[in-house]
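These notes are about the structure you will find just below.
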Amino acid sequence: AAENGIVWTKGVCRFCGTGCGLSVGVKDGRVVATKGDPDAPVNRGLNCIKGYFNAKILYGKDRLTKPLLRKTNGKYDKNGKFEAVSWEEALDVMADKFLQTYKAKGPTAVAILGSGQYTIPEAYAASKLVKAGWRSNNLDPNARLCMASAVVGFYQVFGIDEPANNYSDIEKCNTMVLWGNNMAEAHPVLWSRVADRKLTHAATKIINVTTYKNMSSNLADTTIIFKPNTDLAILNYILREIVNRGAVEQDFVNKHCIFATGNVDIGYGMRPTDKFAFPAEKDVQKKQNEIVLDKWEAIAQGRKEGQVVKQVQQGGKAGGHWSITFEEFKKGLEPYTLDFVAELSKGDPDESMEDFKKKLVALADTYIDKANDILSFWCMGANQHQRGVWVNEQIYAVHLLLAKHARPGNGAFSLTGQPSACGSAREVGTFCHRLPSDLLVAAKPARVKSEKIWGIPEKTINPKVGRAFMEILRGMEDDSVNFVWTQVVNPFQAAPNSNHWLKAARHPNNFIVVADAYPTYSCRYADLILPAAMIFEKWGLYGNAERRTQGWQQMATPPGEARTDLWMMMEFAKRIKLKDVWGEQSVPGLKVEGYEDGKLPSVLDEAQKMGYTPETTLYEVLYARKSNTNVAWPDPAFVCKINSTAAPSKLNWFPEKALFSEYRQFTLGDGHDLADFDTYLNSKTRGLMWPVVNGKETPYRFNQDFDPYVKEGGYAFYGKLFKAIPTGNLWGITDPKPVPLPNKAKIFYRPYAAPVEQPDANYDLWLCTGRILEHWHTGSMTMRVPELYRAQPNAFVYMNPDDAAKRGLKNGDVATVESRRGKINAIVQTNQRNFMPKGSSWLAFFDEKVQTNQVVIDATDPISEEPDFKKSAVKIYKA
Ligand code: SF4
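Structure follows, in structure tokens:
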């Protein structure tokens, strides 16, 4: 309806994984206001401080409006100055540089760094471009930096990604436990629902399990401060209590679960190369190469102190597991006594051991109490962790042993950071190991299905898993990746140990394309900058953390010559011909049955049988072919001309819709069913939780009362990724005979392991990093909103007051934070927002003035390849 000439249209907030619905006010082709959508089930009319400013992010003074290319004397020059160029010139130079790299080194030397802030059609278009067009799998989103550990945890436990429960459980449970999730700042509207439940339902308890006292502690009944990385030991303590007190729900576990373990000596996911910005990095590398068990690890793993253990790099692959018996699982938990775990994990030196132990016992009691309906939430604290996958798995293990999962008011619920980490990073397949709808690049049937839907020859898709986010950056450094295109991401500020990647980006062999709406920090390191359209300047859909897919229509026109990322990909694809990319290609390290070692075969002959020629462009194959609906695809320029007030049903066919409709075919009948584009865009719908079967959403998966895929037995964990695993025992496979896994979830044994870098005499403080309420990620949008900038213009380094005083520091002083990787300056805060225990410090990463990630370690969980932003060792002194 129109009010004062303002037309209000439904939209979605782009500032966190909560997925709040917005009412977006448009006047004269401009978005003039946003407010919480009262009909949205997620937020019921509320927004947080960021959500209310969705309109203002579109109109910062320095929006990019023209492509900018580094030039000298009218020609591209790596060392030249940025000059405005036409789209024609920008795309021509880009295609030239791409082809130059591709011809010299093949598909593994080109890459796209994508985003959990892509719209679903954009993400799907990127997936097609890289996986089908370029025959590379080097596409990885920034979601790798925030929830890849959750993805692998889901795969390994359930064989299928994403949560079983939904947000309405907040109003159905009695207790919420936060594991590394400062929800008050990271998911503010969800937190307001938690607060509402707590204040209107006297029995509700909140337990905040964290490494420092944060804003969520203000509402929590208990804050349990643990030493960084020891949450895994605390979870093993709870599991031990469940087992030893006879609290296991045997009937549920026997019917629906299997006990398992896998490679336990997995290392730390650091670089195998020897390139160091600072000599001190070598100390850490040494630990990575040679894991010598310290006292705590030795006890936790039932081994000897000082023992050297074999390192196994799983490299992002699910699997490598074997089943164990319940007795073996129980034996594995034996070391995790209250005394051992309390001594290992107590994180606040000022708290008494007795008080800390009482809290651990009460936490176990709370889970075990049959009458207690309980939700566990977690986010970056659990995922950005050198054992992030295992922490995810052990939270599921607690809930599965107690049969408190996938039921109203009971469940283990992994939250996401980005608005479409689920919809656009996970579901669409923009991870380097994935294809749409949970399909895996490494599985032949998955490739065949994708090739069929995409209308491309068999064997077009490269069977070798691509490079994950950090591996793409490391590839720039070791000269194995030379063309990188970043989309909806600011990697040179957002990625850890960034001094390396800043230098690598400027190496003459590398060509870096940054597509963004604003001149971000990453733009400084680009060779070509492409001006991008923002959220309400394009049609889109997002998928939030509760599996809810929501759509919106284009409401405003992008400024100047800014274009959608989708348009850029399509125009780029017009410049690449099949003969450039679909001939025989060299793929170092490819070793897959049915392929010559190191070679991808030519598919040009097969392509010709399908009616293409070597001169056919990727645009024609990927984006302009007649879709399976037999409706022709129009010129993409059409997208930018749509009248913002037109009803979706009145519109013609257009690329976003065509791409979504094709993508939907992957999902139907395989447990991820999506509704059609028009349903999501309909002004009356407020998103639907997949699978959507016969027009109905699914509030709880795996549970027969709600999930149409579960036909009998009450529950079915119907993951399709594993059919059988070998049997063995905790200390090595003894019987490789496979055990079938029909519809069962895995409960894992996962031992505690120390982080690769810990405070020592030289770097004596922990540093944890994260987000704050007022700003989104690297601040490239929210720092341009005057109200948000004024609310929090600086990233502070939070310290314990005593630690600060010992260093001659007080509130407001500028301090240097130095690690093995670099040093930065930040203003000290000792008593606001975050209250750090002695020995720990904390920094946000939103402030371009404070390049926090220059000091952060780039060790990853070696299974998920997600970096650990929460545990670096630093020293802090007066600047
Ligand atoms: Fe909702 Fe998150 Fe947006 Fe805030 S930032 S309005 S909590 S989606």
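Residues in the sequence shown are numbered consecutively from 3, following the numbering used here. Think of the CB as a built atom: it goes at the ideal place given N, C-alpha and C, for glycine as much as any other residue.
Distance check for residue j and residue i, CA to CA, integer angstroms please.
i	j	result
T681	F656	16 Å
N630	T213	Here N630 scores only 40 on pLDDT, less than 50, and its place in the model should not be relied on; the value that follows carries that caveat. Taking the straight line joining both Cα atoms gives about 52 Å.
K257	G673	21 Å
C424	Y104	31 Å
R823	F485	25 Å
K880	D766	15 Å
R469	D709	35 Å
A875	A249	39 Å
G27	A558	10 Å
N813	E292	41 Å
C898	P190	Residue 898 lies beyond the residue range present for the chain, which begins at 3 and ends at 881; the question has no answer from this structure.
T462	W584	7 Å
N827	D863	28 Å
P701	K80	52 Å
C770	D762	16 Å
C175	S219	19 Å
P498	Q853	10 Å
V450	H779	37 Å
M149	M785	24 Å
I514	P143	16 Å
K277	D480	8 Å
M691	A408	14 Å
N501	A660	41 Å
A222	A204	13 Å
I455	F668	8 Å
G542	A806	47 Å
L241	P740	26 Å
S866	K289	20 Å
E868	G419	14 Å
P753	A302	6 Å
E658	V623	16 Å
L532	V516	6 Å
Please determine whether the Cβ atom of residue i lies at a distance below 8 Å from any heavy atom of the ligand SF4.
i	result
K2	In the structure displayed, the chain extends from 3 to 881; residue 2 sits before or after that span and is not available.
P421	yes
L192	yes
C18	yes
G21	yes
H189	yes
C424	no
G53	yes
C148	no
N183	no
C381	no
N49	yes
N168	no
N1	Outside the displayed range of the chain (3 to 881) lies residue 1, so it cannot be described from this structure.
C259	no
C434	no
C15	yes
Mind reading off the beta-carbon distance from residue i to residue j? Whole number of angstroms is fine, and I expect it under 8 Å.
i	j	result
S439	T432	The pair is not a contact, with the Cβ atoms about 12 Å apart (cut-off 8 Å).
F415	F379	5 Å
V430	A113	Incorrect: roughly 17 Å between the Cβ atoms, too far for contact.
D267	Q313	6 Å
E187	L775	4 Å
T206	K200	5 Å
K12	W392	That pair is no contact at about 40 Å.
P421	C50	Contact flag wrong, Cβ pair sits at about 13 Å.
I474	N140	6 Å
Got a sec: is the Cβ-Cβ distance from residue i to anything in chain C below 9 Å?
i	result
K288	Considering every chain present, this structure includes no chain C. It has just one protein chain.
Return the chain-ordered ranges of every beta strand (DSSP E) run that is complete within the region 303 to 387 and spans a minimum of 3 residues. 323 to 325, 376 to 380
Jot down the residue ranges of each uninterrupted beta strand (DSSP E) in the region 434 to 472, minimum 3 residues, whole runs only, in chain order. none
In chain order, each beta strand (DSSP E) run of at least 3 residues that lies wholly inside the region 121 to 148: 141 to 143
Note down, one range per segment and in chain order, each alpha helix (DSSP H) of at least 4 residues found wholly within the region 736 to 811. 788 to 793, 803 to 808
May I have a chain-ordered list of the beta strand (DSSP E) segments no shorter than 3 residues that lie completely inside the region 546 to 577? 550 to 554
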